[in-house]
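Engineer: Sequences listed follow chains W, Y and X, in order.
Note that numbering that gives the first Met the number 0 has the first sequence beginning at 0, numbered continuously upward.
Note that numbering that gives the first Met the number 0 has the second sequence beginning at 0, numbered continuously upward.
Note that numbering that gives the first Met the number 0 has the third sequence beginning at 0, numbered continuously upward.
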Amino acid sequence: MVEAHSAAAAVGATDPALLALAGKAAWAILLTPLICAVAILLVGIHRKSFAMAAAVGGLATSLICTLFLFFQASQGHLAVPFEVSVTWISLGGLSIPFGVLIDNLSLIMTLVVTGIGSGIFLYSVGYMHDDAAASRYFGMLSLFAFSILTIVLSTNWIQLFIGWELVGFCSYMLIGHWYAKPSAAAAGNKAFIVNRVADFGFIIGILWLWSVSSTASDDRTVHFATLMARLPVLVESGAVPVATLSVIGLLLFCGPVGKSAQFPLHVWLPDAMEGPTPVSALIHAATMVAAGVYMLCRTFWLFEMIPSTLNVILYVGAATAFLAAALGFAENDLKRILAFSTLSQLGYMVMAIGLGGPVAAMYHLTTHACFKALLFLGAGSVIHGTHEQNIWKLGGLTRSMRWTSLTFLIGSLALIGFPGLSGFFSKDEILVLAREHNLPIYLLATLTAGMTAFYTGRLWFVAFMGKGHAHGHESPPVMLGPLFFLAGLSVVAGYIGIPAWLGEHHEAFHWDVALTSTAAVAAGVTISWLLYSKRAIAAGSLVRALALPQSFVENRYYIDDIYTWYVQNIQQKIIAAGCAWFEQNIIIGAVNAVAALAQGLGRLLRLFQTGVVQTYVLVFVAGVLWLITRYLAVR
Amino acid sequence: MVTVTHYVVASAALFCIGLAGVMSRRNVLMILLCVELMLNAANLLFVAYSKAWGNLHGQMIVFFVITVAAAEVTVGLAIAILMMRQRNTLDADAVQSMKW
Amino acid sequence: MAETVFFYIFTSLMLAAAIAVVRHRSPMYSVLSLLVVMFCLSGLFVMLGAYFLAAIQVLLYAGAVLVLFLYVLMLLNLSPDSLNRANVFIQPVAGITAAGLLFVALCRVATQSPLPPTPTVAQPGTIEALGRLLFRDYLLPFELTSFLILAAIIGAVTLAKGKSPS
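1) Quick one: does residue 152 of chain X have its CB under 8 Å from some CB of chain Y?
2) For residue 92 of chain W, which of W:386, W:217, W:398 has the nearest alpha-carbon?
3) Is it true that the CB of residue 271 of chain W sits closer than 8 Å to the CB of residue 174 of chain W?
4) Is residue 82 of chain Y near residue 94 of chain Y, with beta carbons less than 8 Å apart?
5) In or out: residue 31 of chain W buried (at least 16 other Cβ within 10 Å) or exposed?
6) Assuming contact is defined by CB atoms lying nearer than 8 Å, are residue 379 of chain W and residue 280 of chain W in contact in what I supplied?
7) At a Cβ cut of 9 Å, what residues of the stretch 41-60 of chain W count as close to chain Y, listed as they run along the chain?
8) Within 10 Å of its beta-carbon, does residue 227 of chain W have 16 or more other beta-carbons around it, so buried, or fewer, so exposed?
9) From residue 60 of chain X to residue 598 of chain W, what distance separates their C-alpha atoms?
10) Assign residue 79 of chain Y to buried or exposed, taking buried as 16 or more other Cβ atoms, counted over all protein chains shown, within 10 Å of its Cβ.
11) Per DSSP, residue 86 of chain W forms a beta bridge with which residues?
12) In the DSSP output, what is residue 222 of chain W paired with across the bridge?
13) Considering only residues of the stretch 47-77 of chain W, which uninterrupted alpha helix (DSSP H) runs meet the minimum length of 4 residues and lie entirely inside it, listed in chain order?
14) Between residue 609 of chain W and chain X, is the shortest Cβ-Cβ distance under 8 Å, so that the two count as touching?
15) What residue range does the alpha helix (DSSP H) around residue 471 of chain W cover?
16) My output table needs one value for residue 389 of chain W: the three-state DSSP class, helix, strand or coil.
17) For the stretch 21-35 of chain Y, which residues have a beta carbon sitting closer than 9 Å to at least one beta carbon of chain X?
18) Mind checking who residue 560 of chain W pairs with in its DSSP beta bridge?
19) Would DSSP call residue 136 of chain X helix, strand or coil?
20) Where in the stretch 321-364 of chain W do unbroken runs of the alpha helix (DSSP H), each at least 4 residues long, occur, reported from the N-terminal end onward?
21) Less than 8 Å between the beta carbons of residue 526 of chain W and residue 407 of chain W, yes or no?
22) Alpha carbon to alpha carbon, what distance is there between residue 213 of chain W and residue 51 of chain W?
23) In chain W, which residues lie with their C-beta within 7 Å of the C-beta of residue 92 of chain Y?
24) Establish whether the CB of residue 620 of chain W and some CB of chain X are separated by less than 8 Å.
25) Helix, strand or coil for residue 10 of chain W? Go by DSSP, reduced to three states.
26) By the DSSP assignment, the alpha helix (DSSP H) with residue 436 of chain W in it spans what residues?
27) Do residue 376 of chain W and residue 275 of chain W have their beta-carbon atoms positioned less than 8 Å apart in this structure?
28) In terms of residues, what are the limits of the alpha helix (DSSP H) holding residue 305 of chain W?
29) When the Cα of residue 357 of chain W is compared with those of W:21, W:617, W:104, W:60, which residue comes out closest?
30) Buried or exposed: where does residue 66 of chain X fall if 16 or more other Cβ atoms within 10 Å of its Cβ makes it buried?
31) So, does the CB of residue 8 of chain Y fall closer than 8 Å to a CB anywhere in chain W?
32) Using a Cβ-Cβ distance cut-off of 8 Å, determine whether residue 617 of chain W contacts chain Y.
33) Starting from the beta carbon of residue 94 of chain X, find every residue of chain Y whose beta carbon is closer than 8 Å, and list them in chain order.
34) Is the beta carbon of residue 312 of chain W sitting closer than 8 Å to the one on residue 266 of chain W?
35) Pull up the distance between the alpha-carbon of residue 402 of chain W and that of residue 373 of chain W, whole angstroms please.
36) DSSP three-state label for residue 54 of chain Y, please.
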């Protein structure tokens, strides 16, 4: 059943032995975390150390296989893209493969997932050491790794959707890991339900795309490579109007809006910070929320045919980037500030897609995964050491937690785009794109970069530099190790040529764009320094002066309130009540009517049961006579 | 010359006499006796055709019919005894508790 | 010629006895008439070459089944009242009409159906021939009848045993 074949477009032949080995490695990447997850959930639920070892070992195996494939591909020994797959469901006219697609895009994303994931798994060993339910946590973490790899390595829409839903489920389980806490349970529900709303549009988009994908000679398909070759032809011949494709694109974009927490479905991500911090780092910063962006890059051949949809994507991304950055100004929770920052950066990536630059988006995704995971793990280290999340109650951490502070500083600088660090390069790519295509968006993006610098500076000056003396202790080496590893990645990720790997010829460095954004960043940092460290400007008077926007931001634009009002007043009172009425009166009425009909017929029929044997015989004989006359007539 | 058709008509006559008895008599013992008549009419038919076809399978079936008839009579008579004991009647119409 | 004579003698006697079975008021006479029917049938079986079945017919029906009937009749000791209940008029009329119609229909079937081809060699139903068939081709049904008879015995005993009236 397993068939390994190299795509025709690939240059250079692959040694058959290597191809067979690469196929095995590709399956191993995907399936090892699943096997570990099953093992943990079946036999390791009361064996904490086994669970930890299995989870870390499983993902490390995936990482090694990924590195093997990566080096074979980068050395040119292995022709990419190549696919291994099995036919999973085969019905008449519908064939769904399940497999692994290895190309440059999926390799870089797999490296992000398994590499950063391994670091975070290792960190979790220290962070969750005293947790009673650590086995469940590691089981879910392994299952999550399998799910996200299912998305990343997917060869078709259905497999992608399955992984998509699985990561949603794992996210739900891990946000609600401390389910005894009502806020954590509610946050898990919220994340799940908001994503359901988005996925509703997503699945309709997938099915619609499938339904229009047939040609005269070929059946409908969900397979990426086939669709990629077929769609331009279909559009060219007019079989699929561009307008239809645009609507399909919008429906498909619903998925990333939910999963990558774009405006206006971003509401679940800040609440998702109720989960353990390594979960926030892995799922809600580095990988799962980036899956939406990855999906857009993976299927960019579809979106580049529909400029109108790309425009929508652009404005949604830009709005998310700007509005989320503003929300970071008024937040006091360490992790939630980082969550809003994640939202804002995801907005950048989506914006890059909208500008027609999947490479820039993937670049920023990769660097962001490094430094945002680093920031979250640093925050986790702080929480682990001080048991405090409010930045105003922290302070002076540079003294008590020296190494955590150092790595956190590196992460912050990478985030704001300090020249020379990874965030600087990737953000710069997006800004260049924006300046080429859309000047207002460029200005907004540059402003957002400044705002990012402001709230990051605020976080740093208040929580780490401040006068306070938070009583903390430095974290154990098992937690510091991943911090150093990610800090190193955050520094070097800008230099290893990710855009070239993804197939973009690096253009000349745009000094003007770089200088402008650096100026904006410098301004942001300076203002926050003046406000929170030097206290040259009294923050209180500023707040009073900006009372209206302040309250707007503090309440997160009242979006949660609007949703609550909608659910309470429209959904519950009108839609749900209407459905209940329909159920009670129409459906149950119809069911009862059928039952009454059967009962009435039964009443009628039982009159034939006289209880006198001779009557039965008479009827029987009449039947026999009728049969005989029929027989005689026919003959 | 006696053909198979003669036997068939004789069998049909015997069967219909039995049927008339089943339909008109109310005593369960009589009904059982008339059922025996009908079974024997069928037996006659089987034996007649067994000869006409020149093999013994028809006679074999008669053998089994006799066996089944014996079993049926045994149970039927047991039920008659039970009826007599419980209802003090052999009238088939009197047993109507399964009606409706 | 003798065959035809015997056929009509046996058949007319058998049908007359059968009508007597149906018509007679007393079950006792009905049973005895049935005995006559059985003997006539046995004669017809002999004419058809079914010698073993003819013997079985007399032995089993006359010897076992009808004796059982008589035994039960005597056991129940029916009072004349229970037998002389007037029939509803409609019942015999319906019965005779239905039976008559069926007879007409069956006769038409008998006359119109194609006859089987005349066999070259007639096989007499001797014990030997039937025994070979019974214990070779019909072994499984034969064994299964033992279950049927066992079930009938158990059923009869269970039904007729009854409970002692408390």
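Think of the CB as a built atom: it goes at the ideal place given N, C-alpha and C, for glycine as much as any other residue.
Quick caveat, the model's predicted, so the values are computed rather than measured.
Structural biologist: This is what the structure gives:
1) yes
2) Of all alpha-carbon atoms in W:386, W:217, W:398, the one lying nearest the alpha-carbon of residue 92 of chain W is that of W:217.
3) yes
4) Taking the C-beta atoms as reference points, residue 94 of chain Y is found nearer than 8 Å to residue 82 of chain Y.
5) Burial call: buried.
6) yes
7) none
8) exposed
9) 48 Å
10) buried
11) W:96
12) W:155
13) 47-73
14) Output row for residue 609 of chain W: interface = no.
15) Counting along the chain, residue 471 of chain W falls outside any alpha helix (DSSP H), and DSSP gives it neither H nor E.
16) strand
17) 21, 22, 23, 24, 25, 26, 28, 29, 31, 32, 33, 35
18) None; residue 560 of chain W has no bridge partner.
19) coil
20) 333-353
21) no
22) 47 Å
23) Here the neighbours are 611.
24) yes
25) Any reading at residue 10 of chain W needs caution, since the residue's pLDDT is 43, under 50, leaving its predicted position unreliable; the model's value is listed next. In the structure shown, residue 10 of chain W sits in coil (DSSP, three-state: anything other than H, G, I, E or B).
26) 421-436
27) no
28) Looking at the DSSP string, residue 305 of chain W is not in any alpha helix (DSSP H), and its letter there is neither H nor E.
29) W:104
30) exposed
31) no
32) Yes, contact with chain Y.
33) 18, 19, 20, 21, 22, 23
34) no
35) 12 Å
36) coil
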